[in-house]
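Worksheet for the structure shown next.
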Amino acid sequence: WFEPPPRPVREDFEALAAGGMVPGATTTEEAPFTARVSDEQVASGTRSLKFIDGPEQKHAFNPHVFYRQTFPSGPLVGRFALRVAPESEFYYQWRQYEGGTFARGPGVRVNPGGRLVHEDRELMTIPTDAWVRIEVAAELGEGRGRSFALKVELPDGTVRTFPGLACEAGFDRLDWVGFVAVANHACVTYVDDILVAPAE
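Using the numbering used here, count along the sequence shown one by one with no gaps and you end on 206.
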């Protein structure tokens with residue numbers, strides 16, 4: 007019995023109309039704070055995904071966009087382009103779900119001022135109002151998935167790498183990939199060129 011490999015998550019927004027939600031993903035939002043396709047800022051092509059965040063939402067994790075796709079094992083890489091405002095609070099995360107709970111895998115958060123953090127560790131400051139490219143890579147499978155590597159490419163081509171960042175205990179399979187705006191004040195964040203796929 008041959009089970010085909012999981013289908014990669016790949017979205018550059020180019021085939022989508024500005025103002026629409028992302029097909030193949032779930033968008034959770036509380037108007038007027040939304041996550042929609044936009045032609046205002048792009049890392050490549052003519053479209054990206056614009057997150058408009060703001061105060062007094064019922065859930066601080068809105069707006070957010072996530073993909074439900076399972077990758078059970080093997081080397082996996084996730085890439086995306088990110089443009090934060092000075093006020094942005096935003097995170098990217100992989101999760102493994104078991105029942106109603108989840109274990110957190112590779113991920114990174116941006117706090118105001120472009121401060122890039124993993125858990126309680128501040129890694130670096132990325133430029134605001136400019137595109138950077140983020141990559142996470144991990145080996146998945148039973149007894150694996152304990153750590154991941156992070157790579158950040160800056161607008162001038164400089165690359166910073168952070169190996170051996172810890173995942174939460176119990177993470178060894180990817181079931182959920184999310185892009186989450188978590189500010190409780192007005193700010194705009196853009197995402198482009200999303201990819202989650204087996205590492206080549």
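Even for Gly, the Cβ is constructed at its ideal location relative to N, Cα and C.
As assigned by DSSP and simplified to three states, the class of residue i
i	result
Pro124	Correcting the residue type first, residue 124 is His in the shown sequence and not Pro. Three-state result, His124: strand.
Met27	coil
Asp199	strand
Leu160	coil
Asp45	coil
Gly151	coil
Ala91	coil
Ile132	coil
Asp18	coil
Phe185	strand
Phe96	strand
Thr52	coil
Glu2	Because the chain spans 7 through 206 in this model, residue 2 falls outside it and cannot be assessed.
Gly176	coil
Glu207	With the chain running from 7 to 206 in the structure shown, residue 207 is simply not present.
Pro11	coil
Phe67	coil
CA-to-CA distance, residue j to residue i, given in whole angstroms
i	j	result
Gly163	His65	36 angstroms
Gly111	Leu146	10 angstroms
Gly120	Leu129	11 angstroms
Glu62	Phe108	26 angstroms
Tyr196	Glu148	34 angstroms
Lys157	Phe39	30 angstroms
Ala136	Glu159	11 angstroms
Gln99	Arg152	14 angstroms
Glu20	Cys193	24 angstroms
Gln47	Asp199	12 angstroms
Asp178	Phe57	29 angstroms
Ala155	His124	11 angstroms
Distance between beta carbons of residue j and residue i, contact taken as under 8 angstroms
i	j	result
Glu174	Val83	Not quite, the Cβ-Cβ distance comes to about 19 angstroms (not below 8 angstroms), so this is no contact.
Gln207	Leu201	Past the edges of the chain, shown from 7 to 206, lies residue 207, and the structure says nothing about it.
Tyr73	Val114	In fact, because the Cβ distance is near 17 angstroms, the residues do not count as touching under 8 angstroms.
Gly45	Ala189	Reading the sequence as shown, one finds Asp at residue 45 and not Gly. Not a contact, Cβ separation roughly 23 angstroms.
Ala41	Pro69	4 angstroms
Glu95	Val116	7 angstroms
Ala187	Thr134	Actually they are not in contact, since the Cβ atoms of Ala187 and Thr134 sit about 15 angstroms apart, beyond 8 angstroms.
Pro161	Gly80	About 32 angstroms; that fails the 8 angstroms criterion.
Local Cβ density within 10 Å of residue i, reported as buried at 16 or more and exposed below that
i	result
Arg13	exposed
Gly26	exposed
His191	exposed
Phe67	exposed
Ala31	buried
Arg89	buried
Val165	exposed
Ser50	exposed
Asp126	exposed
Glu35	buried
Segment limits, beta strand (DSSP E) that includes residue i
i	result
Gln63	Gln63 -> no beta strand (DSSP E), and no H or E assigned at all.
Glu141	137 to 146
Thr107	107 to 117
Arg166	165 to 172
His70	70 to 77
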